[in-house]
Structure formats: C-alpha cells, structure tokens
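Counted the way this note's numbering counts, the sequence shown spans residues 2 to 339. We put the beta carbon where it would ideally sit given N, CA and C, even for glycine. In this text the structure is predicted, and so the values were computed from the model without any measurement.
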Amino acid sequence: MRVGGLARYLATVSTLEELKEALDFAKEKNLPVFVVGGGSNVIFGDGGYAGLVIACRIKGFEVLKETEDHVFIKVGAGEVWDDVVLRSVKMGLSGIEAMSIIPGLVGAAPVHNIGCYGQEVSETIFELTAYDREMGNALVFQNKDCKFGYRTSRFEGKDRGKFVIVDVTLRLNRARMKPPFYKDVEQYFEEHSIKEYSPEKVREAVINIRRHKLPDPKEIANTGSFFRNAIVSRKEFEDMVEKVPSLNELPDGWPQLPRWFLPDGKVKIASARLVELAGFSSYEDKETGMATWPRQNLVLVNRSAKSTANVLAFRDKIVKAVRDMFGIELQDEVEIVG
C-alpha cells in the first residue's frame, strides 16, 4: 500500500538454522517478532515496528510420492506461490490452478487458507512443518490439525505468532476440476468455446479474469482484497434480506446479492456487492486519498494517501456504511501490524 513506518530490525532467513538464529537474537534483545512472506497482505502502522521482522525465504520443491490419483510435493515456505502453481500446472496436476497469480509466498498460504474461484489451499494441503517458537523445535501438522476455516487457520487464530511455517506438503490431483465453476470462469469458458477443463485452461481463465478485474500492485498501490466475504448465520441473512428486499432481485439471472449456503448452515455473501450497495462503487475519497477499484470494490487503492491512518480512515467509512445499511460487520482480509 506504500504507507506505514519502518521496522527496527530486519532479518532474511533461507534455512531453518538461520530462522533459529534470528529468533534467538530477538529473544536476547527482548524484541517482538513478526514473520512476513511476500508482504502483499500486510500493512504496517505509521509508527513502524519496534521489533524484528523476519522475511522467510526458505526454498524447496520436491516430489515425495506419486500414486494413481495424487502427487505429493513438499514446497519451501519461501517459494513464490504462483511459481508453485505454474510448476504444478505444467506437470498436469490439479488442485491449486484456480489460485493462479495470488501474490505472496507459500508460507502464508496455510495461515490465511488462501482461496479463489472455488479452490482453497486447505483442500490440497496434506501436512506442513512449523517451527514452535516457544518449544524451540519443528513440528509436523496434519491437515486436520491446522483447524482450517474460511480464510483462516489455527496459525492465524489461537496460535497466532506461536509458529513459523517452514514447508508445506501439497497433495495434488491427477483428475481435473469439474463444473460448475464460478460465474466469471464459466463465462470465460463460454466466450472462448473451452470445453476441456485442463489445469492449463483453468489457469489461463483465472489469469485473464484477475488481470482484467484487479490492479497491478507494481503500478497501483493496493493489497488485493481488503475485506473477506462475510459469513453470517441463516437468521442474520434472512433478517438482512427482510430489511433490504431488493437483495433477492434477479436482474441478470443472479441475485443482486450473490450468496452461498454452506454445509454448516451458515451463509457466505459477496462483500463486494455490500460495498457497492452502500455507495462505495468506484468511489474516490479526497479526504483520505483512497479509492475503491472500479472493477472490484473489495480492493482499496492508494491514489494519494500519505499514511496508514488515511487507509484505515477510509476502511472505517466503508465498514460503518455497510453496518448501518445491512447490519453486517465487514472483516479485514489484510493484516494490520502495529
């Protein structure tokens, strides 16, 4: 987002031993520690960070096992996520192709349970290795031990800051994705007369869709989706629709407010549409220098903001407007540090 202060210390680590040394240094100096991957989903406060920031760059890409249906690949936490997606697609493997060009490194993927267009990394992770900062040793977590949820895990929840992801083992599929796909992907396939849903074709579709909808952070400062899609109870959803009946209108065959009914009885709703209906579609805020991206309202972009305070002030305006109109509290997908 190109705002925020500096860290007091920065260490770049490429091995587990270097990670241990950096953590020992912080312990000796009694410093707080923040571990960062690519930093694409992080905004530091204007006062900076008074401790040690560790940039994890542990590499590795190793095929561990192959079966008739799956291929197991261990990947270092410091690998670029999209490089791993590309390599898996070139191997003809499915499971993460719909998560193409999500920015960041592999180590952050399980922490936030990243996902896009019908795939989540939790569906593909077989196990991972994480360094326990309190005990001083590396532990292996099976998928069920990670406590994955929508855009979250134990590493973002109750164990936030306790572990550092070292590597992730993916269980990728030889079988292809099957329809139905997300609306944008289905439309792309129809427009391009694609009927074979190979990993390459799914990746091609996702890349074209994302590049059309999302700004390039190298050119326009942003952190991708600032807010998560909202997850509400069935009653909360019904109360909201009763309050704003137009949400059930079907102008183009899709509800004005897209929604997905989840197996646990809750409802996932499209926060981008809530932001739009609250009056923030293609919105430029002169007071803060921030704006919503015209093609995706969940993306907040820095037009002329000079501080993290500006970013958060704009965030708060949107959150309040959505709360007042729908009774829904938007949650940050971006991590604010300091």
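Between the region 308-324 and the region 279-290, are three or more C-beta pairs nearer than 8 Å?
-> Yes: the two stretches touch, three or more of their Cβ pairs being nearer than 8 Å.
Whose C-beta lies closer than 6 Å to the C-beta of V186 among residues of the same chain, with five residues either side of it excluded?
-> Within the sequence shown, residue 186 is the residue found at index 185, counting from 1. Excluding positions up to five away in sequence, the list reads Y118 and A206.
Top-ranked residue by Cα proximity to A176, from A8, I97, S41 and V302 = Position 175 of the sequence shown, counting from 1, holds the residue named residue 176. The shortest C-alpha separation from A176 is found at I97.
Helix, strand or coil for V300 per DSSP?
-> Numbered from its first residue, the sequence shown carries residue 300 at position 299. In the structure shown, the three-state DSSP call for V300 is strand.
Which residue from G79, W82 and L331 puts its Cα closest to that of V233?
-> For the purposes of this step, residue 233 is taken as the residue at position 232 of the sequence shown. Among G79, W82 and L331, the Cα nearest to that of V233 belongs to L331.
Taking the runs of the alpha helix (DSSP H) that are 4 residues or longer, which of them lie wholly in the region 266-313?
-> If we require 4 residues or more, the alpha helix (DSSP H) runs fully inside the region 266-313 come out as 272-276.
Out of I166, K202, Y189 and L94, which has the shortest C-alpha to C-alpha gap to I210?
-> Within the sequence shown, numbered from 1, the residue matching residue 210 stands at position 209. That would be Y189, whose Cα lies nearest to the Cα of I210.
Select from A131, K269, I208 and D160 the residue whose C-alpha is nearest the C-alpha of L17.
-> Numbered from 1 along the sequence shown, position 16 holds the residue referred to as residue 17. It is A131.
Spatial distance of K179 from P33 (CA atoms) = By 1-based counting over the sequence shown, the position of residue 179 is 178. By 1-based counting over the sequence shown, the position of residue 33 is 32. Taking the straight line joining both Cα atoms gives about 46 Å.
Given L7 as reference, the closest of K21, Y50, A23 and S15 once Cα atoms are compared | Reading the sequence shown from its first residue, position 6 is the one you call residue 7. Checked all of K21, Y50, A23 and S15; the closest Cα to L7 is Y50.
Bounding residues of the alpha helix (DSSP H) (the contiguous stretch that carries L87) | Mapped onto the sequence shown, residue 87 falls at position 86. From DSSP, the alpha helix (DSSP H) with L87 extends over W82 to K91.
Over what stretch of residues does the alpha helix (DSSP H) that includes E18 continue unbroken?
-> Position 17 of the sequence shown, counting from 1, holds the residue named residue 18. E18 -> alpha helix (DSSP H) spans L17 to K30.
With 16 as the cutoff for other CB atoms within 10 Å, does K244 come out buried or exposed?
-> For the purposes of this step, residue 244 is identified with residue 243 of the sequence shown, where counting begins at 1. Exposed, by the Cβ-count rule.
When DSSP builds the beta bridges, which residues end up paired with N114?
-> Within the sequence shown, residue 114 is the residue found at index 113, counting from 1. Its beta-bridge partners do not exist; DSSP assigns none.
Do I329 and V335 have their C-beta atoms within less than 8 Å of each other?
-> Counting from 1 along the sequence shown, the entry for residue 329 is found at position 328. Counting from 1 along the sequence shown, the entry for residue 335 is found at position 334. Result no, Cβ atoms of I329 and V335 do not sit closer than 8 Å.
Any idea which residues DSSP pairs L171 with across the strands?
-> Mapped onto the sequence shown, residue 171 falls at position 170. For L171, which the question treats as bridged, DSSP gives the partners I74 and I126.
State the CB to CB distance for the pair T153 and H113, rounded to an integer number of angstroms; the pair is presumed to be in contact (CB under 8 Å).
-> Locating residue 153 in the sequence shown gives position 152, counting from the first residue. Locating residue 113 in the sequence shown gives position 112, counting from the first residue. The distance from the Cβ of T153 to that of H113 is about 7 Å, consistent with a contact at the 8 Å cut-off.
Please classify M2: is it buried, with 16 or more other beta-carbons within 10 angstroms of its beta-carbon, or exposed?
-> Against the sequence shown, residue 2 aligns to sequence position 1. Burial state of M2 is buried, judged by a 10 Å Cβ sphere holding 16 or more other Cβ atoms.
Span of the beta strand (DSSP E), counted from its first residue to its last, around E239 | By 1-based counting over the sequence shown, the position of residue 239 is 238. Per DSSP, E239 belongs to no beta strand (DSSP E); it is in the alpha helix (DSSP H), R235 to K244.
Roughly how many angstroms separate the alpha carbons of D250 and E239, rounded to a whole number?
-> Here residue 250 corresponds to residue number 249 of the sequence shown, with the count starting at 1. Here residue 239 corresponds to residue number 238 of the sequence shown, with the count starting at 1. Inspection of the sequence shows that residue 250 is occupied by Glu rather than by Asp. For E250 and E239, the distance between alpha carbons rounds to 14 Å.
Could you pull out every unbroken alpha helix (DSSP H) segment of at least 4 residues lying fully inside the region 136-163, listed in chain order?
-> Segments of the alpha helix (DSSP H) lying fully in the region 136-163: there are none.
Length of the line joining the Cα atoms of A99 and R88 | Along the sequence shown, read from residue 1 onward, the residue named residue 99 stands at position 98. Along the sequence shown, read from residue 1 onward, the residue named residue 88 stands at position 87. Cα to Cα, the separation comes out at about 14 Å.
Which value, in whole angstroms, describes the spacing of the CA atoms of P259 and A271?
-> Within the sequence shown, residue 259 is the residue found at index 258, counting from 1. Within the sequence shown, residue 271 is the residue found at index 270, counting from 1. Going by the C-alpha atoms only, they are around 6 Å apart.
Note down, in chain order, each residue of its chain lying with its Cβ closer than 8 Å to the Cβ of R9, except the 5 sequence neighbours on either side.
-> In the sequence shown, the residue the question calls residue 9 occupies position 8. Cβ within range, chain order: L32, G49, Y50, A51, G52 and L53.
Please name the residue or residues paired with I1 in a DSSP beta bridge.
-> Summary: the structure shown does not reach residue 1, with the chain confined to residues 2 through 339, and so no result is reported for it.
Could you please give the first and the last residue of the uninterrupted alpha helix (DSSP H) stretch that includes V186?
-> In the sequence shown, residue 186 corresponds to position 185, counting from 1. Looking at the DSSP string, the run of the alpha helix (DSSP H) that includes V186 is K184 to E192.
K145 to P111, Cα distance in whole Å?
-> For this step, residue 145 is matched to residue 144 along the sequence shown. For this step, residue 111 is matched to residue 110 along the sequence shown. Between K145 and P111, the C-alpha separation is close to 12 Å.
CA-to-CA distance, G116 to L140, given in whole angstroms | As a first step, residue 140 is located in the sequence shown; it is residue number 139 there, counting from the start. As a first step, residue 116 is located in the sequence shown; it is residue number 115 there, counting from the start. Approximately 25 Å between the Cα atoms of the pair.
Does the beta-carbon distance from I44 to T224 come in below 8 Å?
-> On the sequence shown, residue 44 is found 43 positions in, with the first residue counted as 1. On the sequence shown, residue 224 is found 223 positions in, with the first residue counted as 1. Remark: C-beta atoms of I44 and T224 approach each other more closely than 8 Å.
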